[in-house]
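In what follows, a structure is listed as structure tokens, so that the remarks can point back to it.
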Amino acid sequence: MKWLSKNALMFAIKTCIAAFLALYIALKLNLDKPAWAMVSVYVISQLYSASTLSKAMFRFLGTVLGGIFIFLIYPLTVTTPILFSLSVSLWVAFCLYLSLHDRTPKSYVFMLAGYSAAIMGFADVTTPLSITYTVISRIEEITVAIVCSSLVHMLVFPVTMRNMLENSVSNWFESAKNVCNELLTSESKQSTPERDQILVQMANYPISVETLITHCVYEGDEARRLIRLVSAQYQHLSYLIPTLTAIEKRLSLLAEQGIVFPDFVAESFSHFLVWLNSPEQSGQAQAIQEDILASQERIKTLYSQGEMTAEEGLLFIGLMERLLNFIRISESYFNARERVSQLGTEKKPSKLKLIRKHRDKGLILLSCFTAFFATMIGCLFWIGTGWMDGATAPMIAAVVCSFFASLDSPVASMQVFLKGVLMAILISILYVGLIIPMAVSYEALIICLAPGLLALGLVIANPSTNFIGLIIATQIPGFIGMSHDLKPDLLSIINASISTIVGIVLAVVVTAIIRNKRPSWSARRVLRKGIKELLQFTGEININTASLRARQQFVASQIDKINIILPRNKIDPTPGVALGGNLITEIWLGVNCYDFYARHEALLREHALESGALMFEINKYFKQRLKNIYIEPPQSLLDELDLLLVRTEGQCRSDMALFRPLFYLFNIRMALYPSQRWPELQVA
Numbered sequence: 006m007k008w009l010s011k012n013a014l015m016f017a018i019k020t021c022i023a024a025f026l027a028l029y030i031a032l033k034l035n036l037d038k039p040a041w042a043m044v045s046v047y048v049i050s051q052l053y054s055a056s057t058l059s060k061a062m063f064r065f066l067g068t069v070l071g072g073i074f075i076f077l078i079y080p081l082t083v084t085t086p087i088l089f090s091l092s093v094s095l096w097v098a099f100c101l102y103l104s105l106h107d108r109t110p111k112s113y114v115f116m117l118a119g120y121s122a123a124i125m126g127f128a129d130v131t132t133p134l135s136i137t138y139t140v141i142s143r144i145e146e147i148t149v150a151i152v153c154s155s156l157v158h159m160l161v162f163p164v165t166m167r168n169m170l171e172n173s174v175s176n177w178f179e180s181a182k183n184v185c186n187e188l189l190t191s192e193s194k195q196s197t198p199e200r201d202q203i204l205v206q207m208a209n210y211p212i213s214v215e216t217l218i219t220h221c222v223y224e225g226d227e228a229r230r231l232i233r234l235v236s237a238q239y240q241h242l243s244y245l246i247p248t249l250t251a252i253e254k255r256l257s258l259l260a261e262q263g264i265v266f267p268d269f270v271a272e273s274f275s276h277f278l279v280w281l282n283s284p285e286q287s288g289q290a291q292a293i294q295e296d297i298l299a300s301q302e303r304i305k306t307l308y309s310q311g312e313m314t315a316e317e318g319l320l321f322i323g324l325m326e327r328l329l330n331f332i333r334i335s336e337s338y339f340n341a342r343e344r345v346s347q348l349g350t351e352k353k354p355s356k357l358k359l360i361r362k363h364r365d366k367g368l369i370l371l372s373c374f375t376a377f378f379a380t381m382i383g384c385l386f387w388i389g390t391g392w393m394d395g396a397t398a399p400m401i402a403a404v405v406c407s408f409f410a411s412l413d414s415p416v417a418s419m420q421v422f423l424k425g426v427l428m429a430i431l432i433s434i435l436y437v438g439l440i441i442p443m444a445v446s447y448e449a450l451i452i453c454l455a456p457g458l459l460a461l462g463l464v465i466a467n468p469s470t471n472f473i474g475l476i477i478a479t480q481i482p483g484f485i486g487m488s489h490d491l492k493p494d495l496l497s498i499i500n501a502s503i504s505t506i507v508g509i510v511l512a513v514v515v516t517a518i519i520r521n522k523r524p525s526w527s528a529r530r531v532l533r534k535g536i537k538e539l540l541q542f543t544g545e546i547n548i549n550t551a552s553l554r555a556r557q558q559f560v561a562s563q564i565d566k567i568n569i570i571l572p573r574n575k576i577d578p579t580p581g582v583a584l585g586g587n588l589i590t591e592i593w594l595g596v597n598c599y600d601f602y603a604r605h606e607a608l609l610r611e612h613a614l615e616s617g618a619l620m621f622e623i624n625k626y627f628k629q630r631l632k633n634i635y636i637e638p639p640q641s642l643l644d645e646l647d648l649l650l651v652r653t654e655g656q657c658r659s660d661m662a663l664f665r666p667l668f669y670l671f672n673i674r675m676a677l678y679p680s681q682r683w684p685e686l687q688v689a
């Protein structure tokens with residue numbers, strides 16, 4: 006975004022107006038800390054009206070929850086400083102635990118409930134009789150900020166995010182089209198950095214779309230139909246990454262082995278490309294599907310007549326099967342609009358049920374312990390020094406540890422936060438020492454602060470500087486104080502600044518020791534969780550308890566993990582991980598194991614094709630991978646695969662009913678041993 010774009014300028018002006026309006030009302034209502042109303046306006050305000058309103062609601066709910074907790078535990082623990090500190094620290098950790106289980110913006114409610122309790126409780130611990138007033142005043146200050154910010158951003162040139170939501174899913178699909186088009190037209194079938202980057206971007210789309218949906222709900226009735234549409238499209242688009250990588254793998258294998266495409270296959274590809282690059286794709290999809298299905302039948306015929314080797318036929322069949330998958334996903338994406346239009350407007354937006362969200366319980370607990378430990382150490386520092394302004398140290402430690410808990414490596418962001426606070430301190434001292442003393446009225450104060458706040462609004466509106474601008478904008482009013490007499494105390498600013506820095510440094514040190522992890526570390530944990538789910542799924546297949554619903558749930562869960570792993574592998578790759586280390590191979594292994602064994606159990610039994618030994622070797626291998634993710638598939642597994650593959654292929658030529666299980670068995674072998682050619686075994 007340009008610094009002086011229309012949206013940036015409007016955001017800066019509206020936020021500045023809302024901040025001064027909130028400060029004015031807080032002063033008129035004689036609230037305890039009017040500066041908090043001003044700070045909250047900058048915390049709440051977003052570039053889009055809906056996200057401003059949603060964050061305002063989340064902030065209000067979080068503040069109320071934190072206030073209720075402090076109100077309940079204060080009379081019981083305030084006379085025992087250690088017990089009070091322990092209670093608040095545990096509350097911060099507990100709320101963070103709840104927050105980290107929700108990967109949508111709604112998690113802000115619980116996170117805020119945690120550190121809001123620290124902010125309200127620690128501030129007035131020396132005056133316990135005023136806790137009721139403190140809690141109520143804090144909620145009132147937040148409410149004033151919510152009302153002012155929401156009204157200004159919703160009523161004065163509101164900025165809708167509906168187009169942004171619609172463009173997100175469109176860009177998602179267009180990215181997939183571009184990758185697919187490049188795969189089929191590029192001479193090199195090997196993966197390229199540009200193609201990998203597009204896949205990473207596609208992996209980031211789901212969380213982006215979910216975030217937009219969460220906010221867009223607050224745009225009212227007009228947005229509900231769009232949300233239902235995007236929710237339906239989102240579910241189908243999630244399958245694109247596994248489909249595209251499967252197309253890439255087969256094209257690469259065909260190129261490596263120098264297999265020439267039959268004319269009818271090349272013609273089907275040509276028709277597919279015409280459809281892919283056509284503006285009106287949906288209308289031609291049925292004809293393209295029929296064409297690809299006809300080509301698959303010709304491939305089977307050539308194979309059954311001995312005019313095409315089994316390896317060539319299965320590779321071509323698999324490639325065209327994935328093209329069909331892409332068409333089906335595309336059709337579901339296009340047809341979602343028609344299905345949604347048939348729903349009544351009174352129906353609520355459907356919840357996204359496709360993805361079972363991954364939650365790293367171990368990492369969540371580690372993050373919670375870090376927040377608890379940093380807050381508690383801050384409390385002990387405060388109690389031990391007897392420093393009245395030392396209360397800010399545990400408060401800011403709780404805020405910083407909670408705010409960055411979802412990151413793999415929070416220390417770098419915490420250091421940026423520290424830089425922003427230092428800049429805010431310097432600006433605050435400048436204002437207090439030189440500028441604000443000249444303000445003898447509220448109007449004069451506006452004249453003094455407006456240029457700086459407008460400039461900060463422009464900084465916040467720019468995505469590349471949003472974080473640092475938000476830190477400075479939210480810290481300055483608190484340091485300056487914005488008291489009722491408009492005469493800030495320089496000594497109090499210095500005390501608060503020192504305590505704030507102590508709290509941030511404490512959070513950084515504790516996090517660096519306990520919680521800071523590399524993205525590759527997190528990716529490996531997700532990978533192991535995916536392998537464990539694959540092992541569980543193949544175990545169910547082996548004992549005939551796996552269902553189609555279990556298959557769908559397995560795929561959905563693995564896709565969510567793939568979307569977590571891919572961006573982390575891009576910025577912090579782990580070399581040497583078996584099977585690619587991104588769960589894409591594992592998802593196809595689970596699917597093909599189910600399709601081979603569960604779907605064709607009776608047929609396999611009829612032809613005496615026993616797969617128990619194969620399933621045992623597969624499960625044995627993945628048990629080994631749980632301990633060592635770098636271990637390659639063993640020779641014993643390849644031997645079992647080759648034996649069953651050759652036996653199945655030998656009977657398939659006389660009974661083409663076995664072609665589908667042969668196809669799925671070949672896919673299993675190709676996933677585990679992509680560089681191995683067709684086995685040269687002789688079966689008696």
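In the working numbering, the protein residues as written are 6 to 689. Each residue gets a CB set at the ideal place from its N, CA and C atoms; glycine is no exception. Treat the numbers as computed from the prediction; the structure is a model and nothing was measured.
Open item on the list: According to DSSP, simplified to helix, strand and coil, what is glutamine 195?
Closed with: DSSP places glutamine 195 in coil when its eight states are reduced to three.
- [ ] Could you round the C-beta distance between threonine 397 and serine 504 to whole angstroms and report it? I think they count as a contact, below 8 Å.
- [x] Indeed they touch by this definition, with Cβ atoms about 4 Å apart.
TODO: May I ask you to report which of helix, strand or coil DSSP gives lysine 522?
DONE: In the structure shown, the three-state DSSP call for lysine 522 is coil.
- [ ] Using 10 angstroms around the beta-carbon of alanine 417, count the other beta-carbons present and answer buried if the total reaches 16, otherwise exposed.
- [x] Answer is exposed; the Cβ neighbour count stays below 16.
- [ ] Please report how far the alpha carbon of tryptophan 5 lies from the alpha carbon of threonine 250, in whole angstroms.
- [x] There is simply no residue 5 to check, as the chain begins at 6 and stops at 689 in what is shown.
Open item on the list: Does glutamate 227 pass the burial test, meaning 16 or more other C-beta atoms within 10 Å, or should it be called exposed?
Closed with: Flag for glutamate 227 reads exposed.
Task: arginine 665 versus aspartate 201: straight-line alpha-carbon distance, rounded - done: Taking the straight line joining both Cα atoms gives about 31 Å.
TODO: Report the rounded CA-to-CA distance for glutamate 317 versus isoleucine 264, giving the unit in angstroms.
DONE: Approximately 7 Å between the Cα atoms of the pair.
TODO: Find the nearest neighbour of methionine 207 within the set Pro684, Lys632 and Pro572, judged by alpha-carbon distance.
DONE: Cα-wise, what sits closest to methionine 207 is Pro572.
Task: CB of glycine 67 within 8 Å of CB of valine 130, strictly - done: Not closer than 8 Å, so no.
TODO: Report yes or no: do the region 6-26 and the region 182-190 share at least 3 C-beta pairs separated by less than 8 Å?
DONE: Contact between the region 6-26 and the region 182-190 is absent, because fewer than three Cβ pairs lie under 8 Å.
TODO: Tell me, please, whether the region 146-155 touches the region 86-98 by the rule of three or more beta-carbon pairs shorter than 8 Å.
DONE: Contact check between the region 146-155 and the region 86-98: fewer than three CB pairs, one atom from each, fall below 8 Å, which does not count as touching.
TODO: Starting from the C-beta of serine 355, find all residues in its chain whose C-beta is less than 8 Å away, skip the five residues before and the five after it, and write them out in chain order.
DONE: Note that serine 355 has pLDDT 44, beneath the 50 cutoff, so the model's placement of it is unreliable and the number below is only indicative. Setting aside the 5 residues that flank it on each side, serine 355 is surrounded in the same chain by Arg233, Ser236 and Ala237, each with a C-beta closer than 8 Å to its C-beta; the list follows chain order.
Task: Given 8 Å, three or more beta-carbon pairs between the region 474-488 and the region 327-342 - done: Counting C-beta pairs closer than 8 Å gives fewer than three between the region 474-488 and the region 327-342, which falls short of the contact rule.
Open item on the list: Beta-carbon within less than 8 Å of glutamine 656's beta-carbon, same chain only, minus the 5 sequence neighbours each way: which residues are those?
Closed with: For glutamine 656, where only same-chain residues beyond five positions count, the Cβ hits under 8 Å are His612, Leu614 and Leu663.
TODO: Inspect the CB distances between the region 269-278 and the region 294-303 and report whether three or more fall short of 8 Å.
DONE: Yes, the region 269-278 touches the region 294-303.
Open item on the list: Taking a contact to mean a Cβ-Cβ separation below 8 Å, would you say glutamine 629 touches isoleucine 623 in this structure?
Closed with: Cβ distance not < 8 Å, so glutamine 629 and isoleucine 623 don't count as in contact.
- [ ] Check valine 445 in the structure and name its three-state DSSP category.
- [x] Assignment of valine 445 by DSSP, reduced to helix, strand and coil, places it in the coil class.
Task: For tyrosine 53 and leucine 160, the rounded distance between their alpha carbons - done: As the crow flies, the alpha-carbon of leucine 160 is around 12 Å from that of tyrosine 53.
- [ ] Would you mind giving the Cβ-Cβ distance between isoleucine 388 and proline 163, rounded to the nearest angstrom? I have them listed as a contact below 8 Å.
- [x] Going by Cβ atoms, the distance from isoleucine 388 to proline 163 rounds to 48 Å, so no, they are not a contact pair.
Task: valine 405 vs methionine 419 beta-carbon contact at 8 Å - done: Yes, the Cβ-Cβ distance between valine 405 and methionine 419 is below 8 Å.
Open item on the list: On the DSSP letters alone, give me the boundaries of the alpha helix (DSSP H) that threonine 397 sits inside.
Closed with: Looking at the DSSP string, the run of the alpha helix (DSSP H) that includes threonine 397 is 397-408.
Open item on the list: Tell me the rounded alpha-carbon separation between serine 273 and glutamate 295.
Closed with: Rounded to whole angstroms, the separation of the alpha carbons of glutamate 295 and serine 273 is 10 Å.
- [ ] Assign threonine 516 to one of three DSSP states: helix, strand, or coil.
- [x] In this structure, threonine 516 counts as helix in the three-state DSSP scheme.
Open item on the list: I'd like the span of the alpha helix (DSSP H) that includes tyrosine 436, first residue to last.
Closed with: Annotation: tyrosine 436 is outside any alpha helix (DSSP H) and is labelled neither H nor E by DSSP.
Task: Residue environment, lysine 358, which counts as buried when at least 16 other CB atoms sit within 10 Å - done: Bear in mind that a pLDDT of 48 at lysine 358, under 50, signals an unreliable position, so the number given afterwards is only what the model happens to contain. Exposed: under 16 other Cβ atoms inside 10 Å.
Open item on the list: When you compare the CB positions of alanine 315 and glutamate 654, do they come within less than 8 Å of one another, or not?
Closed with: Yes, Cβ-Cβ distance for alanine 315 and glutamate 654 is below 8 Å.
Task: Reduced DSSP secondary structure (H/G/I, E/B, other) of serine 243 - done: It is coil, neither helix nor strand.
- [ ] May I ask you to report which of helix, strand or coil DSSP gives histidine 605?
- [x] For histidine 605, the secondary structure class from DSSP, reduced to helix, strand or coil, is coil.
- [ ] Determine the direct distance from the alpha carbon of phenylalanine 671 to that of leucine 103, and round the result to whole angstroms.
- [x] Rounded to whole angstroms, leucine 103 to phenylalanine 671 spans 44 Å at the Cα level.
Task: Spatial distance of leucine 423 from phenylalanine 409 (CA atoms) - done: Roughly 13 Å separates the two Cα atoms.
- [ ] Tell whether a beta-carbon distance below 8 Å holds between alanine 618 and isoleucine 546.
- [x] At the C-beta level, alanine 618 and isoleucine 546 stay beyond 8 Å of one another.
- [ ] Could you name each continuous beta strand (DSSP E) segment of 3 residues or more that falls completely within the region 457-505, going from the start of the chain to the end?
- [x] No beta strand (DSSP E) of 3 residues or more sits fully in the region 457-505.
TODO: Would you grab the beta carbon distance between arginine 255 and arginine 327 for me? Rounded to a whole angstrom, and I think it's under 8 Å.
DONE: Indeed they touch by this definition, with Cβ atoms about 7 Å apart.
Open item on the list: Looking only at its chain, what residues have a beta carbon closer than 6 Å to the beta carbon of tyrosine 669, apart from the 5 residues adjacent to it on each side?
Closed with: Around tyrosine 669: Asn597, Asp600 and Phe601.
Open item on the list: Classify isoleucine 452: buried if its beta carbon has 16 or more other beta carbons within 10 angstroms, exposed otherwise.
Closed with: Exposed, by the Cβ-count rule.
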